[in-house]
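Colleague:
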Amino acid sequence: LLWRTERGLRFIDRTARRHRGWWLGFGEVGVWVGILLMLFVLLNLLLNAYLILRRPELSVGGASFVLPGVIPGLTVYWWLISVAVVLLVHEFSHGFLLRAQGLPTKSMGLLLFVALPGAFVEPDERRLNASPLRKRLRVFAAGPFSNVLLGLLVLLLLVLLLSPRPGVYVWGVRENGPSENLKLGTQLLSLNGHPLRTWEDYAELVENLKPGDNVVLETGEGTFLLTADNVENRGSLGIWPVSPVSRSSLLLPLSVPGLMVNELLGRPVLPPYVLLHPYFYRPSVPWPLVDLLKWIFVLNLGIGMFNLLPMIPLDGGYMFRGLLELRMSRRRARQLSNYSSLFLLLILLVNLFPSLF
Numbered sequence: 203l204l205w206r207t208e209r210g211l212r213f214i215d216r217t218a219r220r221h222r223g224w225w226l227g228f229g230e231v232g233v234w235v236g237i238l239l240m241l242f243v244l245l246n247l248l249l250n251a252y253l254i255l256r257r258p259e260l261s262v263g264g265a266s267f268v269l270p271g272v273i274p275g276l277t278v279y280w281w282l283i284s285v286a287v288v289l290l291v292h293e294f295s296h297g298f299l300l301r302a303q304g305l306p307t308k309s310m311g312l313l314l315f316v317a318l319p320g321a322f323v324e325p326d327e328r329r330l331n332a333s334p335l336r337k338r339l340r341v342f343a344a345g346p347f348s349n350v351l352l353g354l355l356v357l358l359l360l361v362l363l364l365s366p367r368p369g370v371y372v373w374g375v376r377e378n379g380p381s382e383n384l385k386l387g388t389q390l391l392s393l394n395g396h397p398l399r400t401w402e403d404y405a406e407l408v409e410n411l412k413p414g415d416n417v418v419l420e421t422g423e424g425t426f427l428l429t430a431d432n433v434e435n436r437g438s439l440g441i442w443p444v445s446p447v448s449r450s451s452l453l454l455p456l457s458v459p460g461l462m463v464n465e466l467l468g469r470p471v472l473p474p475y476v477l478l479h480p481y482f483y484r485p486s487v488p489w490p491l492v493d494l495l496k497w498i499f500v501l502n503l504g505i506g507m508f509n510l511l512p513m514i515p516l517d518g519g520y521m522f523r524g525l526l527e528l529r530m531s532r533r534r535a536r537q538l539s540n541y542s543s544l545f546l547l548l549i550l551l552v553n554l555f556p557s558l559f
């Protein structure tokens, strides 16, 4: 389904002309940030594909669709609101950069492909393709850059709205493991009488366990007598602990070097939507508002960065094609970007494989 309208074009035109200098600066910064993020997303995707194909025991699970029923805790209502925010910010940013640079917009509208909603600001393709490279790059970078920027601003707001609950908590258990009955968010108080203040305390005590060892685990839900099972000839309780010791814990998954090193070493990388749980953080506003902001952050950041992949028809694909024109003819750049898009589609399917099967 496709719906076009010229309503809203006056607003885009008026806003772009009134703040033309600001939008040009925004687009320029977006190009450079977009190129850096394009490299990061590409390297991360290639690295994880390597882990899945060559070292599956170190794979962190690849990519997955951010959809209700696929991601725990994501409701249909939060998804629809968050996607609406993503689309509005993304497409209006494209429109502002088009008009700020004197390029025409023909229409804007909504579309529905299967069950996935979308939005668009339709440019004059002929005029856009004939414009200088710098103008085109600004237009293509504006959408994903605005999503990433909004996502980070919402994350900063969440950091200010939340305060960490001290202690060690369960964020996951191994199926059929000794601790499979522990619930998400259960506080771990002590292990064999040793207090647990951080996840490092837990890791240090569990490191010396042998298969068959009996331990006494005191939790906020009661005391449990557990027997360590055998995982790679070592004792294991099958608990993945987390200790949100500070507000900055929410920012750790965004560390580029830390993310890639942790993936390579097979350490769990906790996405913010896992850490953002009422068991781990005490909010200063009603938790449903925190939950909505969480998904606005996750979807804006995730979709914005995904859009920067150098793959046609994504914005990053057109940016990559434009950058190739600096070294070769347009015809050759188009051919090479089409080939690279097919290659990246295969890499993306490899990343999606663990979540599909």
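Note that the sequence shown covers residues 203 to 559 in this note's numbering. Virtual Cβ for every residue (Gly too), placed ideally from N, Cα, C.
#1: Any idea what DSSP makes of residue 367, helix, strand or coil?
#2: Leaving out five residues on either side along the sequence, give the residues of the same chain with a beta carbon under 6 Å from the beta carbon of residue 297.
#3: Going by alpha carbons, who is nearest to residue 511 out of 241, 209, 486, 398?
#4: Go through its chain and collect everything with a Cβ distance to residue 219's Cβ below 8 Å, but skip five positions before and after it.
#5: Please report the straight-line C-alpha distance between residue 434 and residue 410, rounded to a whole angstrom.
#6: Distance, Cα to Cα, residue 580 vs residue 482?
#7: By how many angstroms is the C-alpha of residue 529 removed from the C-alpha of residue 359?
#8: Tell me whether residue 333 sits in a helix, a strand or coil according to DSSP, three-state version.
#9: Residue 485 bridges to which residues according to DSSP?
#10: In terms of residue numbering, what span does the alpha helix (DSSP H) encompassing residue 293 cover?
#11: Considering only C-alpha positions, which residue in the set 485, 498, 392 is nearest to residue 277?
#12: Between which two residues does the alpha helix (DSSP H) harbouring residue 431 extend?
#13: Please classify residue 443: does DSSP put it in a helix, a strand, or coil?
#14: In this structure, does DSSP put residue 310 in helix, strand or coil?
#15: What does a CB cutoff of less than 8 Å around residue 550 pick up in its chain, not counting 5 residues either side in sequence?
#16: If you draw a straight line from the alpha carbon of residue 347 to that of residue 269, how long is it in whole angstroms?
#17: So is residue 416 buried or exposed if we call it buried at 16+ other beta carbons inside 10 Å?
#18: Looking at the strands, I want to know which residues DSSP matches up with residue 381.
#19: Report the rounded CA-to-CA distance for residue 496 versus residue 357, giving the unit in angstroms.
#20: Does the segment 369 to 377 touch the segment 517 to 535, meaning 3 or more C-beta pairs lie closer than 8 Å?
#21: Thinking just about the alpha-carbon of each residue, which of 216, 401, 352 is nearest to the one in residue 504?
#22: Within a Cβ cutoff of 7 Å, which residues of the same chain sit near residue 217, ignoring the five residues on either side of it in sequence?
#23: Just the Cα atoms here: how many angstroms apart are residue 275 and residue 441?
#24: Quick one: what's got a C-beta closer than 7 Å to residue 543's C-beta in the same chain, skipping five residues either side?
#25: State yes or no: is the C-beta of residue 408 within less than 9 Å of the C-beta of residue 439?
#26: Rounded to whole angstroms, how far is the Cβ of residue 553 from the Cβ of residue 254, which I believe are closer than 8 Å?
#27: When you compare each of 338, 343, 350, 399 to residue 367 by their alpha carbons, which one comes out closest?
#28: What would DSSP say about residue 400, mapped onto helix, strand or coil?
#29: For the beta strand (DSSP E) containing residue 436, list its first residue and its last residue.
#30: Can you tell me which of the three DSSP states residue 495 falls into?
#31: Between 489, 279, 330, 487, which has its C-alpha nearest residue 304's C-alpha?
#32: Please state if the CB of residue 443 and the CB of residue 405 are separated by a distance shorter than 9 Å.
#33: Any idea what DSSP makes of residue 254, helix, strand or coil?
#34: What is the DSSP secondary structure of residue 217, counted as helix, strand or coil?
#35: Confirm, please, whether the CB-CB distance from residue 420 to residue 385 is below 9 Å.
#36: Apart from the five residues on each side of it in sequence, which residues of its chain come closer than 8 Å, Cβ to Cβ, to residue 486?
Modeller: Let me lay it out:
#1: As a first step, residue 367 is located in the sequence shown; it is residue number 165 there, counting from the start. Three-state result, residue 367: coil.
#2: Within the sequence shown, the letter at position 95 stands for residue 297. Contacts found: 214, 307, 323.
#3: Position 309 of the sequence shown, counted from the start, is the residue given in the question as residue 511. The option with the nearest alpha carbon to residue 511 is 241.
#4: Here residue 219 refers to the residue found at position 17 of the sequence shown. Excluding positions up to five away in sequence, the list reads 301, 302.
#5: For the purposes of this step, residue 434 is taken as the residue at position 232 of the sequence shown. For the purposes of this step, residue 410 is taken as the residue at position 208 of the sequence shown. Spanning the alpha carbons of residue 434 and residue 410 requires a straight line of approximately 14 Å.
#6: Since the displayed the chain opens at 203 and closes at 559, residue 580 lies outside it and no answer follows.
#7: Counted from its first residue, the sequence shown places residue 359 at position 157. Counted from its first residue, the sequence shown places residue 529 at position 327. Cα to Cα, residue 359 sits roughly 42 Å from residue 529.
#8: Within the sequence shown, numbered from 1, the residue matching residue 333 stands at position 131. Looking at residue 333 - three-state DSSP - the assignment turns out to be coil, as it is neither helix nor strand.
#9: Reading the sequence shown from its first residue, position 283 is the one you call residue 485. Its beta-bridge partners are 364.
#10: The residue given as residue 293 occupies position 91 in the sequence shown. Segment 278 to 302, the alpha helix (DSSP H) holding residue 293.
#11: As a position in the sequence shown, residue 277 is number 75, starting the count at 1. It is 498 whose Cα lies nearest to the Cα of residue 277.
#12: Within the sequence shown, the letter at position 229 stands for residue 431. DSSP places residue 431 outside any alpha helix (DSSP H); the residue lies instead in the beta strand (DSSP E), whose first and last residues are 431 to 433.
#13: Position 241 of the sequence shown holds residue 443. DSSP, read as helix, strand or coil, puts residue 443 in strand.
#14: For the purposes of this step, residue 310 is taken as residue 108 along the sequence shown, with counting starting at 1. Of the three classes helix, strand and coil, the one that applies to residue 310 here is strand, per DSSP.
#15: Translated into the one-based positions of the sequence shown, residue 550 becomes position 348. Annotation for residue 550: 247, 265, 511, 513 place their beta carbon closer than 8 Å to its own, counting only its chain and skipping 5 residues before and after.
#16: As a working note, residue 347 is residue 145 in the sequence shown. As a working note, residue 269 is residue 67 in the sequence shown. Distance from the CA atom of residue 347 to the CA atom of residue 269, rounded to whole angstroms, is 22 Å.
#17: As a first step, residue 416 is located in the sequence shown; it is residue number 214 there, counting from the start. With fewer than 16 other CB atoms across the displayed protein chains lying within 10 angstroms of its CB, residue 416 is exposed.
#18: Residue mapping note: residue 381 aligns to position 179 of the sequence shown, counting from 1. DSSP lists no beta-bridge partner residue for residue 381.
#19: Counting from 1 along the sequence shown, the entry for residue 496 is found at position 294. Counting from 1 along the sequence shown, the entry for residue 357 is found at position 155. Our two residues, residue 496 and residue 357, have alpha carbons roughly 7 Å apart in a direct line.
#20: Flag = no, the segment 517 to 535 and the segment 369 to 377 do not touch.
#21: Here residue 504 refers to the residue found at position 302 when the sequence shown is read from its first residue. For residue 504, the nearest C-alpha among the options comes from 352.
#22: Against the sequence shown, residue 217 aligns to sequence position 15. Taken in chain order, the residues that qualify are 298.
#23: As a working note, residue 275 is residue 73 in the sequence shown. As a working note, residue 441 is residue 239 in the sequence shown. In this structure, the straight-line span from the alpha carbon of residue 275 to that of residue 441 is close to 20 Å.
#24: Translated into positions along the sequence shown, residue 543 becomes position 341. Beyond the five residues adjoining it in sequence on each side, residue 543 comes within less than 7 Å, by CB distance, of 513, 514, 519 in the same chain, given in chain order.
#25: The sequence position of residue 408 within the sequence shown is 206, counting from 1. The sequence position of residue 439 within the sequence shown is 237, counting from 1. Between residue 408 and residue 439, the CB-CB gap stays under 9 Å.
#26: Within the sequence shown, the letter at position 351 stands for residue 553. Within the sequence shown, the letter at position 52 stands for residue 254. The pair is a contact, with the Cβ atoms about 7 Å apart (cut-off 8 Å).
#27: Against the sequence shown, residue 367 aligns to sequence position 165. Ranking the options by Cα distance to residue 367, first place goes to 399.
#28: Your numbering for residue 400 matches position 198 in the sequence shown. Annotated three-state conformation of residue 400 is coil, per DSSP.
#29: To locate residue 436, count along the sequence shown from 1; it is residue 234. Run containing residue 436: 436 to 438, per the beta strand (DSSP E) assignment.
#30: Reading the sequence shown from its first residue, position 293 is the one you call residue 495. Three-state result, residue 495: helix.
#31: Here residue 304 refers to the residue found at position 102 of the sequence shown. For residue 304, the closest C-alpha among the options 489, 279, 330, 487 is that of 330.
#32: The residue labelled residue 405 in the question sits at position 203 within the sequence shown. The residue labelled residue 443 in the question sits at position 241 within the sequence shown. Taking C-beta atoms as the reference points, residue 405 and residue 443 count as a pair closer than 9 Å.
#33: As a working mapping, residue 254 is identified with position 52 in the sequence shown. Judged by DSSP in its simplified three-state form, residue 254 adopts helix.
#34: Taking the first residue of the sequence shown as position 1, residue 217 is located at position 15. DSSP places residue 217 in the helix class (H, G or I) of the three-state scheme.
#35: On the sequence shown, residue 385 is found 183 positions in, with the first residue counted as 1. On the sequence shown, residue 420 is found 218 positions in, with the first residue counted as 1. Not a contact, by the Cβ cut-off of 9 Å.
#36: Working through the sequence shown from its first residue, we reach residue 486 at position 284. Answer for residue 486: 363, 364, 365, listed in chain order.
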